[in-house]
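Remarks on the structure that follows.
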Amino acid sequence: MNPASHAPALEVKDLSVEFPTRGGMLTALSDVSLRIERGEILGVVGESGAGKSMTGMAVLGLLEPPGRVSSGEIHIGGKRTDSLSNNEMESVRGRMVGAIFQDPLTSLNPLFSVGQQLIETIRLHSDRNRAAARLHAVDLLKQVGIPGAYERIDHYPHQFSGGMRQRVVIALALAGNPQLIIADEPTTALDVSIQAQITSLLRRLCREQGAGVMLVTHDMGVIAETADRVAVMYAGRIIEVGVVEDVIARPQHPYTRGLMGSIPALGARVERLTQIDGAMPRLNAIPPGCAFNPRCPAAGPRCVRERPRLVPEAYGAVACFLHDGGVL
Amino acid sequence: MRSARNALEVDQLTRVFDVSSPWLNRMIERKPKRYLRAVQDVTFIVEKGKCLALVGESGCGKSTVARLVTGLYQPTEGAILFAPASDGKPMDAQMIFQDPHASLNPRWRVGDIIAEPIREFGLRDSAEATTLRVAELLKIVGLSPDDSRRYPHEFSGGQRQRISIARALASEPEFLVCDEPTSALDVSVQAQILNLMRELQDELGLTYLFISHNLAVVRHMADRIAVMYLGRIVEEADTEVLFADPQHPYTQLLLQTIPDVASPNRNREMMGGEPPSPLDPPKGCAFHPRCPLAADICRHETPRVRGRQGGGVVACHMAPL
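Line order of the protein sequences matches chains A and B.
Each residue of the first sequence is one higher than the one before, starting from 434 at the first, in the numbering used here.
Each residue of the second sequence is one higher than the one before, starting from 3 at the first, in the numbering used here.
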């Protein structure tokens with residue numbers, strides 16, 4: 434056994450991503466650290482612009498130029514990938530890390546049948562011949578729950594419904610047998626009655642294949658039902674990490690607390706939802722100190738001066754001075 | 003009107019769209035004309051000062067109903083009847099759209115966007131009075147009067163939705179049709195807008211027709227809920243009744259599959275299948291291919307809307323009488 438087989442599916446250390454622009458340097462991600470074990474689903478949650486998709490893209494090596502990793506390390510299955518060239522990264526994508534994006538229609542090529550796309554991917558990542566690859570493709574389609582896989586394999590993407598298409602995309606992501614799957618808003622484009630089918634499929638496949646999953650979504654409900662641990666992002670930083678049940682029941686960071694209160698619950702009706710006034714700062718106007726301080730009900734002088742570190746807590750880790758020596 | 007308490011009565015509303023290919027293609031390919039029944043026999047009442055929500059998945063016809071009610075589409079059959087407003091004239095309905103990026107003219111200043119209905123309807127005599135009214139509207143929705151000189155792109159999504167609300171309120175309507183008003187917004191911003199809408203309802207006595215696919219949002223906002231499936235209302239009841247005791251299998255499916263933060267259910271029973279295409283709806287009850295209770299009668303006969311236990315209506319052969 435080589436040491437890599439014990440390595441976590443993903444380890445990100447102090448990752449920063451910058452975009453040089455005419456108006457100056459924009460820091461899209463700032464010192465992001467996270468770890469996903471094999472067979473574990475880590476939810477990454479935040480509002481638009483928080484950097485959750487950016488984290489996924491950085492791991493996949495698909496940052497839109499001029500964006501670049503300015504510091505930090507990314508290890509996928511024990512192998513450092515942030516220093517690889519584009520060509521080397523191409524062999525990592527698919528074989529070591531698979532991707533599922535929001536809109537299944539844009540992730541599939543409309544000109545090729547589902548089978549052709551699956552077989553191409555399988556043959557790219559293994560030495561199977563065409564016939565064996567086709568058998569494996571049928572197998573994958575069965576695994577993701579597509580009825581009539583033998584016939585469906587020769588159909589084109591437009592012949593599938595939205596939910597079925599997303600299953601095909603998941604089959605494609607699994608084709609290279611990766612250790613890590615980045616799922617970026619995989620259920621957002623789907624109707625609610627289909628969403629649950631896709632999330633439970635993700636959970637099952639993650640267990641069976643022993644792959645780590647990074648589930649990027651804005652929907653706390655999806656996280657609550659799918660993920661094992663959750664990382665909450667705000668303005669390009671991770672502000673709280675913990676086991677899902679704990680973060681939902683006992684959110685520690687004032688932002689997480691506000692976020693949880695602002696979600697209308699199915700159980701009981703409240704007169705007023707908790708409201709966090711204002712909006713997340715833009716990348717060119719991130720306030721000094723804690724990025725949340727202008728909106729924070731508990732902010733003190735120290736929050737403006739100093740940036741809080743992610744400090745391990747009883748139930749996870751929080752980046753807030755309330756848990757690290759006080760706000761004054 | 004059947005009752006003075008009602009703000010809106012919609013009776014047997016049907017809207018058919020012609021989705022045929024062009025004439026030449028039809029002639030060459032010998033295809034018949036094709037019609038899509040987006041809304042079929044929809045009947046509901048909204049009481050004054052209340053909020054009725056239409057929920058359903060994409061393609062169920064809920065947005066078409068919103069556009070029919072505001073007159074953006076003409077109904078094929080059926081009637082839409084508004085109660086007279088407090089001043090005796092017909093009640094004025096305004097609409098708030100889903101995407102605040104698309105519904106505001108990017109070349110107009112916010113002040114002009116909000117002032118347009120005031121000028122169009124001649125609600126104020128002078129330019130000064132109009133400016134004062136715009137400033138007042140901006141304050142009502144939680145923006146500053148100075149914002150009237152800025153352009154929509156200078157605002158965030160939530161602020162833009164506040165501008166659309168201010169524009170909708172400019173003509174002093176008593177009825178607001180809100181088509182997915184918070185679906186394009188982040189949750190913390192959604193909470194701000196939902197709170198604002200509840201406050202406005204209390205202060206101005208507004209009546210809402212609220213369209214959404216999000217049952218949690220609907221539960222927070224609505225007094226009464228109508229669930230739509232493939233162009234028809236399959237169940238309608240008071241919010242608490244519907245959540246406590248859903249009778250239509252589709253409503254039960256919706257309530258079961260919604261991920262809930264407060265009580266997540268990781269091993270929920272999944273109902274298979276997907277909504278069928280409205281172009282080619284199943285015979286009989288449109289839900290029967292996915293329904294666990296489906297019997298022979300469901301495959302042949304469209305269930306009629308009838309009263310349900312606990313108040314409200316349901317359209318299902320299998321629901322208890």
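Where is the CB? At the ideal position from N, CA and C, for every residue including glycine.
What is the C-beta distance between residue i and residue j, in whole angstroms, given that I count them as a contact (C-beta under 8 Å)?
i	j	result
residue 219 of chain B	residue 697 of chain A	5 Å
residue 535 of chain A	residue 617 of chain A	6 Å
residue 99 of chain B	residue 10 of chain B	No, residue 99 of chain B and residue 10 of chain B are not in contact; Cβ-Cβ is about 19 Å, not under 8 Å.
residue 627 of chain A	residue 276 of chain B	6 Å
residue 159 of chain B	residue 193 of chain B	Not quite, the Cβ-Cβ distance comes to about 13 Å (not below 8 Å), so this is no contact.
residue 450 of chain A	residue 501 of chain A	7 Å
Just checking: is the beta-carbon of residue i within a distance shorter than 8 Å of some beta-carbon in chain D?
i	result
residue 624 of chain A	Absence of chain D from the displayed structure is noted, the protein chains being A and B.
Residue i versus chain A: which residues are under 8 Å apart at the beta carbon?
i	result
residue 158 of chain B	712
residue 256 of chain B	625 and 626
Closest Cβ-Cβ distance between residue i and chain B: below 8 Å?
i	result
residue 473 of chain A	no
residue 454 of chain A	no
residue 655 of chain A	yes
residue 435 of chain A	Only weak support exists for where residue 435 of chain A lies, its pLDDT of 47 falling under 50; the coordinates are left without a value.
residue 457 of chain A	no
residue 707 of chain A	yes
residue 755 of chain A	no
residue 579 of chain A	no
residue 489 of chain A	no
residue 481 of chain A	yes
residue 749 of chain A	no
Against chain A, with Cβ distances strictly below 8 Å, would residue i count as a contact?
i	result
residue 237 of chain B	no
residue 262 of chain B	yes
residue 290 of chain B	no
residue 51 of chain B	no
residue 277 of chain B	yes
residue 194 of chain B	yes
residue 215 of chain B	yes
residue 197 of chain B	yes
residue 218 of chain B	yes
What are the start and end residues of the alpha helix (DSSP H) that includes residue i?
i	result
residue 231 of chain B	No alpha helix (DSSP H) holds residue 231 of chain B; the beta strand (DSSP E) holding it covers 226 to 231.
residue 639 of chain A	625 to 642
residue 195 of chain B	189 to 206
residue 245 of chain B	241 to 246
residue 116 of chain B	112 to 122
residue 575 of chain A	563 to 576
residue 583 of chain A	582 to 585
residue 109 of chain B	From DSSP, residue 109 of chain B is part of no alpha helix (DSSP H); its letter is neither H nor E.
residue 647 of chain A	Residue 647 of chain A -> not in any alpha helix (DSSP H); beta strand (DSSP E) instead, spanning 645 to 650.
residue 601 of chain A	595 to 607
residue 324 of chain B	Since the first and last residues shown for chain B are 3 and 323, residue 324 of chain B lies out of range.
residue 529 of chain A	Residue 529 of chain A -> no alpha helix (DSSP H), and no H or E assigned at all.
Can you tell me whether residue i is buried or exposed? The criterion is at least 16 other CB atoms within 10 Å of its CB, across all chains shown.
i	result
residue 33 of chain B	exposed
residue 210 of chain B	buried
residue 436 of chain A	Because the pLDDT at residue 436 of chain A is just 47, under 50, the model does not fix this residue reliably, and the value given afterwards should be weighed accordingly. Exposed, because fewer than 16 other Cβ atoms sit within 10 Å of the Cβ of residue 436 of chain A.
residue 311 of chain B	exposed
residue 539 of chain A	exposed
residue 223 of chain B	buried
residue 123 of chain B	exposed
residue 59 of chain B	buried
residue 512 of chain A	exposed
List the residues of chain B whose Cβ lies closer than 8 Å to the Cβ of residue i, in chain order.
i	result
residue 651 of chain A	188 and 189
residue 675 of chain A	Those within 8 Å of residue 675 of chain A in chain B number zero; the least Cβ separation is about 15 Å.
residue 692 of chain A	189 and 190
residue 641 of chain A	Under the 8 Å cutoff, chain B gives no residues; its nearest Cβ is about 16 Å from residue 641 of chain A.
residue 594 of chain A	276
Under DSSP, the beta strand (DSSP E) around residue i begins and ends at which residues?
i	result
residue 17 of chain B	8 to 20
residue 671 of chain A	670 to 676
residue 320 of chain B	From DSSP, residue 320 of chain B is part of no beta strand (DSSP E); its letter is neither H nor E.
residue 446 of chain A	443 to 454
residue 751 of chain A	749 to 751
residue 709 of chain A	Residue 709 of chain A -> no beta strand (DSSP E), and no H or E assigned at all.
Quick one: which chain A residues come within Cβ less than 7 Å of residue i?
i	result
residue 221 of chain B	697, 699 and 702
residue 265 of chain B	700
Identify the contact partners of residue i in chain A, using a Cβ-Cβ distance below 9 Å as the criterion.
i	result
residue 259 of chain B	625, 626, 627, 628, 629 and 630
residue 59 of chain B	624, 625, 626 and 627
So which residues of chain B does residue i contact, with C-beta pairs closer than 9 Å?
i	result
residue 716 of chain A	Here the premise fails: no neighbours, minimum Cβ distance about 14 Å.
Chain B partners of residue i, CB-CB under 7 Å?
i	result
residue 681 of chain A	263
residue 584 of chain A	None at all; the shortest Cβ gap to chain B is about 18 Å.
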